[in-house]
Amino acid sequence: PLARNMEECMRKAAGALQAAQALRTQGFAPDVVYGHSGWGPTLFLPEVFPQARQLRYLEWFYDPDGADAGFGGQTLSTEARAQMRARNLPILMDLERCHLGICPTRWQASQFPPELRAKLTILHDGVDTEFFRPDPGSPLVLPGLDLSGAAEIVTYATRGMEPYRGFPQFMEAAVEVTRARPGCHVVVAGEDRACYGPPPAKGKTWKQAVLEKLKPDPARIHFTGPLPYGHYRRLLQASTVHVYLTRPFVLSWSFLEALSCGCLTVASDTGPVREVLRHGVNGLLTDLARPAAIAARIVEALEGREKYAGLRTKARETVLRHYDLKKLLPRHLALLREPGKRAKRG
């Protein structure tokens, strides 16, 4: 297991190397090589294209003593700590050879050791604020789900249903909220899979384990599966209260997309969230570790949604000011157009 990640990276690196060499024989000579670090394909590209400016997207540095590893008081085994260290090997190789690393948030950049941060530029990918925009009063009608008559809709959107994104805690809170508020419906969008971390025991998915434990009312708590972008936007626009939960880890695009849609957002009081959201200003924070606290905050937001209407406006203003694609894309392009340098020789 300890060598598995590096072996996979080397297989991808070898494939990318072979493809790059084929391109070079056809006369292809790029000015810039830009890749997502940590997966392997970028490792040997400086050897093939030494004249190119090498840029790397660096979103996370793994640290067994860091923010996510020790969250909730968990203790990693020696083997788990070693595996986490090993995941940094391709990242360190890329950092050593690249001219510039791009990291999307200040908090994520702070997870890299201080001596490695000199090459990092903090620049978010950007949010399409023209697409992700508010549409107050829009009904929620999706294939197989019509909540146009619902008095309250609590939304939760995720790539995978798992502890890293607070899914078990959210579901406990959702059951409490639906019991307390008869007119409230909860909609969960996402796939029944784990993108980060292990699955639960006994070969189940986290969704299966949670449903078996909590037995939520299927008439009130709805699972849409993954949604096309247009339907996903409609979900956010129709939300009475949106919930975003995460351990101290990579910040999700969905969080900023929800803010861009003007969602009244209840979010976990964790480092990546606090960089964006100020409690009582552009959203509400809650304790990720306590489902009862999450439920109480959701109920507070539902009951006070008129009082908190200004938070919706501030949420969108935050994205327009700091994360708007129209502002950030020119900065990305400027980095690509900087004068080229030869890749550092190993």
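Using the working numbering, you'd call the opening residue of the sequence shown number 2 and step up by one each time. Cβ coordinates follow ideal geometry from the N, Cα and C atoms, glycine included.
Backbone CA spacing between residue i and residue j [nearest angstrom]
i: Leu336; j: Gly102; result: 10 Å
i: Leu141; j: Cys185; result: 13 Å
i: Ala17; j: Val49; result: 10 Å
i: Gly191; j: Tyr165; result: 14 Å
i: Arg180; j: Ile154; result: 14 Å
i: Arg346; j: Arg98; result: Because the pLDDT of Arg346 is 41, which lies under 50, any placement of that residue in the model is unreliable, and the number read from its coordinates should be weighed accordingly. If you take the alpha carbons of Arg346 and Arg98, they lie about 7 Å apart.
i: Ala344; j: Gln55; result: At Ala344, the pLDDT of 42 sits below 50, so the modelled position is not reliable; the number obtained from the coordinates is stated separately. One C-alpha to the other measures close to 7 Å.
i: Ala119; j: Leu212; result: 46 Å
i: Ala422; j: Asp288; result: Look at the range of the chain in this structure, 2 to 347, and you will see that residue 422 is not part of it.
i: Arg160; j: Pro227; result: 8 Å
i: Ser240; j: His280; result: 19 Å
i: Leu330; j: Glu301; result: 37 Å
i: Ala53; j: Asn89; result: 24 Å
i: Val178; j: Arg298; result: 10 Å
i: Pro200; j: Arg182; result: 32 Å
i: Arg332; j: Ile123; result: 11 Å
i: Arg57; j: Lys328; result: 21 Å
i: Ala87; j: Ser78; result: 14 Å
i: Ala296; j: Ala220; result: 19 Å
i: Pro47; j: Leu334; result: 21 Å
i: Gly204; j: Leu146; result: 30 Å
i: Val11; j: Gly150; result: In the sequence as displayed, the identity of residue 11 is Met instead of Val. Cα to Cα, the separation comes out at about 54 Å.
Cross-strand partners of residue i (DSSP beta bridge)
i: His243; result: Thr156 and Thr266
i: Ile222; result: Val187
i: Tyr35; result: Leu56
i: Ile103; result: Tyr58 and Thr122
i: His280; result: Gly284
i: Asp325; result: Val128
i: Asp147; result: Val142
i: Gly161; result: Glu192
Supposed close pair residue i, residue j - CB separation, criterion 8 Å
i: Tyr245; j: Thr266; result: 6 Å
i: Thr156; j: Val176; result: Wrong, their Cβ atoms sit about 16 Å apart, outside the cutoff.
i: Leu215; j: Met172; result: 6 Å
i: Gly127; j: Asp325; result: 7 Å
i: Ala14; j: Gly41; result: 4 Å
i: Ala174; j: Pro292; result: 5 Å
Selection from the options that minimises the alpha carbon distance to residue i
i: Leu303; options: Val189, Ala190, Trp207 and Leu285; result: Leu285
i: Leu257; options: Leu77, Arg5, Trp40 and Arg134; result: Arg134
i: Gly263; options: Arg98, Ser269 and Leu321; result: Leu321
i: Asp66; options: Thr106, Ala21 and Phe113; result: Phe113
i: Gln84; options: Val277, Arg338 and Tyr63; result: Tyr63
i: Asp129; options: Val277, Leu260 and Phe250; result: Leu260
i: Cys196; options: His125, Thr287, Ser253 and Glu80; result: Ser253
i: Arg235; options: Pro169, Pro183 and Ala158; result: Ala158
i: Val1; options: Lys315, Ala210, Tyr309 and Leu334; result: Residue numbering for the chain in the displayed model covers 2 to 347; residue 1 lies beyond these limits and cannot be assessed.
i: Phe250; options: Arg107, Leu3 and Ala14; result: Arg107
i: Val282; options: Met7, Ser269 and Leu312; result: Leu312
i: Ala290; options: Tyr230, Gly167 and Pro340; result: Gly167
i: His323; options: Leu3, His125 and Ile222; result: His125
i: Asn6; options: Pro217, Ala81, Pro229 and Tyr230; result: Ala81
i: Pro340; options: Glu131, Asp32 and Gln22; result: Asp32
i: Ile222; options: Ser255, Leu148 and Arg275; result: Leu148
CB contact check: residue i to chain C, cutoff 8 Å
i: Leu121; result: Reference to chain C is not applicable here, since this structure consists of a single protein chain.
Beta-carbon proximity list for residue i, same chain, < 6 Å, skipping 5 on both sides
i: Leu121; result: Gly102, Cys104 and Ala110
i: Arg248; result: Asp69, Phe72 and Tyr165
i: His232; result: Leu143
Close beta carbons around residue i, own chain, < 7 Å, minus the five adjacent residues each side
i: Asp193; result: Met162, Thr206 and Lys208
i: Gln238; result: Pro135, Asp136, Ser139 and Cys262
i: Phe224; result: Val189
i: Met1; result: Residue 1 lies beyond the stretch modelled for the chain, which goes from 2 to 347, so this question has no answer here.
i: Pro115; result: none
i: Ile92; result: Ser38, Gly39, Leu59 and Phe62
i: Leu348; result: This structure does not reach residue 348, given that the chain is present from 2 up to 347, and the question cannot be answered.
i: Arg317; result: Pro135, Leu260, Ser261 and Gly263
Contacts around residue i, its chain only, beta-carbon distance under 8 Å, and the 5 residues preceding and following it disregarded
i: Arg306; result: Thr241, Val242 and Leu265
i: Val34; result: Thr43, Leu46, Pro47, Phe50, Ala53, Arg54, Gln55 and Leu56
i: Ala152; result: Gly184 and Cys185
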